[in-house]
Structures are given as C-alpha cells and as structure tokens.
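**Q** Chains as they are written, first to last, in this note's numbering: chain A, -17 to 235; chain B, -17 to 235.
We treat Cβ as the ideally placed atom computed from N, Cα and C, and that holds for glycine.
Remember, it's a predicted structure, so these values are computed and weren't measured experimentally.
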DNA sequence: AAGTGGTCTAGACCACATA
DNA sequence: ATGTGGTCTAGACCACTTT
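1. For residue 216 of chain B, I'd like the list of residues in its chain whose CB is within less than 7 Å of its CB, leaving aside the five on either flank, ordered along the chain.
2. Looking only at C-alpha atoms, which of A:171, A:198, A:167 sits nearest to residue 62 of chain B?
3. What are the boundary residues of the beta strand (DSSP E) that residue 11 of chain B is part of?
4. For residue 151 of chain B, which three-state DSSP category applies?
5. Starting from the beta carbon of residue 44 of chain B, find every residue of chain A whose beta carbon is closer than 8 Å, and list them in chain order.
6. Hey, residue 175 of chain B and residue 184 of chain B: beta-carbon distance below 8 Å or not?
7. Does the Cβ of residue 129 of chain A have 16 or more other Cβ atoms within 10 Å, making it buried, or fewer, making it exposed?
8. With a threshold of 8 Å between beta carbons, is residue 288 of chain A in contact with chain B?
9. For chain B, check one thing: does any of its Cβ atoms lie closer than 8 Å to the Cβ of residue 161 of chain A?
10. In angstroms, rounded to a whole number, what distance separates the CA positions of residue -2 of chain A and residue 23 of chain A?
11. Quick check: is the beta carbon of residue 187 of chain A nearer than 8 Å to any beta carbon in chain B?
12. Assuming residue 3 of chain B contacts residue 41 of chain B under a Cβ cut-off of 8 Å, what Cβ separation, rounded to an integer in Å, is found between them?
13. Roughly how many whole angstroms lie between the Cα atoms of residue 93 of chain A and residue 192 of chain A?
14. Closer than 9 Å, Cβ to Cβ, to anything on chain A: give me those residues from the stretch -6 to 8 of chain B, in chain order.
15. Return the chain-ordered ranges of every alpha helix (DSSP H) run that is complete within the stretch 120 to 184 of chain B and spans a minimum of 4 residues.
16. Residue 86 of chain B and residue 142 of chain B look like a contact to me (Cβ under 8 Å); what is the Cβ gap, rounded to whole Å?
17. Consider the Cβ of residue 213 of chain A: report whether some Cβ of chain B lies at a distance smaller than 8 Å.
18. Does the separation of the CB atoms of residue 84 of chain A and residue 112 of chain A fall below 8 Å?
19. Start and end of the alpha helix (DSSP H) containing residue 24 of chain B?
20. Under a CB-based cut-off of 8 Å, is residue 40 of chain B close to chain A?
21. Is the shortest distance between the beta-carbon of residue 205 of chain B and the beta-carbons of chain A less than 8 Å?
22. CB-CB under 6 Å to residue 96 of chain A, same chain, minus the five flanking residues each way: which ones, in chain order?
Set out below in structure tokens:
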C-alpha cells in the first residue's frame, strides 16, 4: 500500500479553516486591515457561511480578529497587557489607578455580593460604578461594593457628584491588610456590553477582588474585562512587551 | 395609549432563552442532573435546535452546564477555585504543588516561547509537560520551558524517566527572585483538549508565568486551564469558599 | 442499535453603520 | 440605499457513548 494515509482522522472544516486563516492573517494582512465580508469568504473557501462564521468566532475569541456589525472584520492588534495585581497593595481610587468613576448608588447588597463580602444579605452597601480606559478604548467596567459599615464616618448629606469620592476617601482611612483576587470566564451582561462597546454575551474576564481591613472584607469589586482585547498581568513587573502570536506588528494606514 | 411598551427593544431569542434556562436551573434542577436532549428542549421552547444550542453554549461558557457528546447535558457544579498565584514565590515542582509530570523533551524553543524567555530563537530548552488534577479530574496542562543555560550543571546522561526531576532539581538550586504572570482567554489546541477531556477549541484560560533568577528569565511556563470548570485565584488567602451564582448546592444522587 | 451532542448546509430576515 | 455582521430556521449527516 503506497498511499499515504491522509485525512484519516478528519478534522472539522471550521477547524481546518481556522489554521488556513491564521496563516493568511500572519502573511497577507496587516493589523487593522479589513477582511473580505463573510459571504465572499465563505464562497472563496467553498463552505456555508455558518461554518465560516464558526472559524471567525474562534479567531475573535483568541484576539486575532475584531468584528463589528455594519462595518466588517478587521485584523486585531496584539492584546493589551493590563496590570491587575500590583506588587504594592493599594485601595481602589488611590494614586492614579487608571479607573474613572461614572456612577454611584447606595442600596442593599445582592445575594451574590453579600456572599463575597461575608455580610448579611440585607446590609446596605455603597456601589461605585467605574470604568477603565486604555489606549482610547474602554477595556473594563467595575462595580465596587463598600459596606456602609466600612465607612461609618461618611457624611450622610452628599450630592451625587461628591458621593463616590467621599466613600473612597473614607475607605482610604482604613489600613489595607491584604487583597484577594479571582479570575474566571463569563459573558457580558447587557449593560456591561454597552460600556465595553461589545454585544451582549461577549466573552469577558471577570476579576473579583476582596479588600481586607480590620480583619474582615472591607470592600469588594467585580471587574469585567474584554476578553478579546485584554491580557491580564499580575506580579512584580508590569506589562510584558511582546505578546505571543506575533513578534512585530505594523499599523495599517 | 394605555399599552405598556413591552418588547420594544426586542432581545434575541437565544438571549431570552438563556435567562429562562437559568431560572429553571436554579429552581428545578439539582447539580449533576441531566437535562432533556437538545431536540426535545428546542421543541419545548419552540425554537430551532441551532438557536437552543446558542443558549446552551453560553451557559456552558459560564460554567453552569456541562455537555458531553454521546452522553448529554448536565447541570455543572460551582467552579473550582484553583490557586495560581501563591503569596510565597516558589519554583515549580517544589513542595507538593499539585502538578504531575507526564513528559519531558529537550528541543529548540519555538519563536513564541523564545520571546517570553527573552532568549535567542535557536536556544535549546528543556520542555517539561505537566498536568494538574483537582477533585479527580484534570483541570490544566502545562508546558514548562527551562533554557539549558539555566541548568548548566545538569548531567548529560539521563534516562527519560529521570530527566524532568533532574531539571527541576537543578532549577531549585537557583535563587528565585520573582514571578510574573499573565492571564488571557484562548481556545484549546487539539493536544491540550485531549488531556483536559474537552473538544478542540474549547475555551481555556492561558496562564503565562515567567520565573526570574540571576537577573533574567530563568524559566517560563504556559499553563492551559479549563475555563468552564476553573476559577483562578490569586493573592494571600487561598480558594474562596462560595462561588458567585449559587449560595448552596446539593449533590444529586 | 439507539440516543446523544457536534458539524454542516442553504437559505431568510434583522440591526446597525455608512455613504 | 447599500453593505456589513448578527440571528434564525429546518433540515441532514457524523462522532461518540451507552445499551
């Protein structure tokens, strides 16, 4: 039998398509360049549009493509390195930390938040909504929960505009004893998706942080990062220079 | 006009389906319980199977469902908290760190790895393949890269079985000066998928770690965690007790 | 052999951005 | 008005597990 055993373990079409597209992306396209539309691409590769889309979806998940409804599909730049776990423990809102407050409210903690805080389900918490922008585009939204018990000296009469800064200021009075983080995969809620300029359900990295002071959880935050454009960095050094899938990239005109 | 404005902003069917299914999951099903098959579910909700699948896919992404070909769809237990960033910096392979070596090789570093190591593209590296198991199931695979220059005193004559332990032993001689981590979303390579008991392309959390010694990167690892079952934890305290989307869960019989 | 989830097709229409 | 990606349908067949 002189025939080489080819395609004996047949891989799915979309999987093979993905590898073909990756090669084309690395060799024939520049970052930012726009691809042919899905109908044309599907015809070119001789597959149904749904199959082509399955390949594109994974490439977008891996941060190699960016698709925008009404516009088209473009080659994505390397993911941004976003520092999440600094070496020095600091309170949120202290010392220029790249977050910008966009809202504030005081309400009863939802059950899920109460579980993280370790408080009762009916305790009042200040909820500060913040946003993180890098290189001109939003990369994360965050809900920061501060139990009222953590900021007992907060002035009760505050205009909405002064509320968030006041809560943070009171929080900084406490001595921060430690932080705790968890990262998991999620899909963007409708509201988060809007802030992040994505469609609902887009893949996101959810970072849950607990801030410890006075021997208990003094505050907690749930931050939602765009999974397609962000690489979360932890540890001593800051962002790593080069990402993994291309050594150098040039901006298309 | 006395009519309440309902469904003016029509949400996609699969999105609405998701919320319906989440409610059903929380109220009518136990962890581990098997759901009706996709064709029945689609018929019950009056949608095409592809639409139903779009909802199930997102629920699996969020760790609420587990689907296995030939078996069925089950309600997933809460995600496991997997400690990734210990407070004390330690070399891999030191002091019972939950990883188990399953292979080893010495070869030239791929370009992507060389970039992380900061070495030349043609330098020899030891590649140790390890696996992490929690609660009886594999949760991660890892490729640990150790440049030959980091372990100069390694005995050149080693049986394959002794190779990996010897490399780690030599590595532990060095003083570990710091670690560096990055987390990003990826899709499982075919080989990784096999180890993790998932299909190729399954969503994974890729943790890239750099180990610093002697003022340079003495080793680096790329670990691939199942995104559906894992919640990566960092920081002082270990795994958090309760996860976010259910306060208590009982094991089905 | 039967039943499950996974892949694939060839259409259709919708929401959105842009010219 | 046109073109893009996003949603949806009603089938078909395949790969895999279990009976």
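**A** Checking against the coordinates, here is how it stands:
1. In the second chain, residue 216 of chain B corresponds to position 234, counting from 1. Counting only Cβ-Cβ distances below 7 Å, and skipping sequence neighbours, we find 66, 67.
2. By one-based count along the second chain, residue 62 of chain B stands at place 80. If we check each option's Cα against that of residue 62 of chain B, A:167 comes out closest.
3. The residue you call residue 11 of chain B lines up with position 29 of the second chain. Here residue 11 of chain B belongs to no beta strand (DSSP E), and DSSP marks it neither H nor E.
4. Position 169 of the second chain, counting from 1, holds the residue named residue 151 of chain B. Of the three classes helix, strand and coil, the one that applies to residue 151 of chain B here is helix, per DSSP.
5. Position 62 of the second chain holds residue 44 of chain B. Here the neighbours are 167, 168, 169.
6. Working through the second chain from its first residue, we reach residue 175 of chain B at position 193. Working through the second chain from its first residue, we reach residue 184 of chain B at position 202. Cβ distance < 8 Å, so residue 175 of chain B and residue 184 of chain B count as in contact.
7. Counting from 1 along the first chain, the entry for residue 129 of chain A is found at position 147. Its Cβ being crowded by 16 or more others within 10 Å, residue 129 of chain A is buried.
8. Lying before the first or after the last residue shown, residue 288 of chain A is absent from chain A, which here runs from -17 to 235.
9. Here residue 161 of chain A is taken as the residue at index 179 of the first chain, counted from 1. True, the Cβ-Cβ gap to chain B drops below 8 Å.
10. Position 16 of the first chain, counting from 1, holds the residue named residue -2 of chain A. Position 41 of the first chain, counting from 1, holds the residue named residue 23 of chain A. Their Cα atoms are separated by approximately 14 Å.
11. In the first chain, the residue the question calls residue 187 of chain A occupies position 205. Interface residue, yes.
12. Locating residue 3 of chain B in the second chain gives position 21, where the first residue counts as 1. Locating residue 41 of chain B in the second chain gives position 59, where the first residue counts as 1. Yes, residue 3 of chain B and residue 41 of chain B are in contact; Cβ-Cβ is about 6 Å, under 8 Å.
13. Residue mapping note: residue 93 of chain A aligns to position 111 of the first chain, counting from 1. Residue mapping note: residue 192 of chain A aligns to position 210 of the first chain, counting from 1. Rounded to whole angstroms, residue 93 of chain A to residue 192 of chain A spans 16 Å at the Cα level.
14. -6, -4, -3, 0
15. 142 to 155, 172 to 177
16. Start at 1 with the first residue of the second chain, and residue 86 of chain B comes out as number 104. Start at 1 with the first residue of the second chain, and residue 142 of chain B comes out as number 160. 7 Å between Cβ atoms; contact.
17. Along the first chain, read from residue 1 onward, the residue named residue 213 of chain A stands at position 231. Interface residue, yes.
18. Reading the first chain from its first residue, position 102 is the one you call residue 84 of chain A. Reading the first chain from its first residue, position 130 is the one you call residue 112 of chain A. Going by C-beta atoms, residue 84 of chain A is nearer than 8 Å to residue 112 of chain A.
19. In the second chain, the residue the question calls residue 24 of chain B occupies position 42. First-last of the alpha helix (DSSP H) with residue 24 of chain B: 20 to 27.
20. Working through the second chain from its first residue, we reach residue 40 of chain B at position 58. Yes, residue 40 of chain B lies at the interface with chain A (some Cβ there is under 8 Å from its Cβ).
21. Locating residue 205 of chain B in the second chain gives position 223, where the first residue counts as 1. Not one chain A Cβ lies under 8 Å of residue 205 of chain B.
22. By one-based count along the first chain, residue 96 of chain A stands at place 114. Here the set comprises 103.
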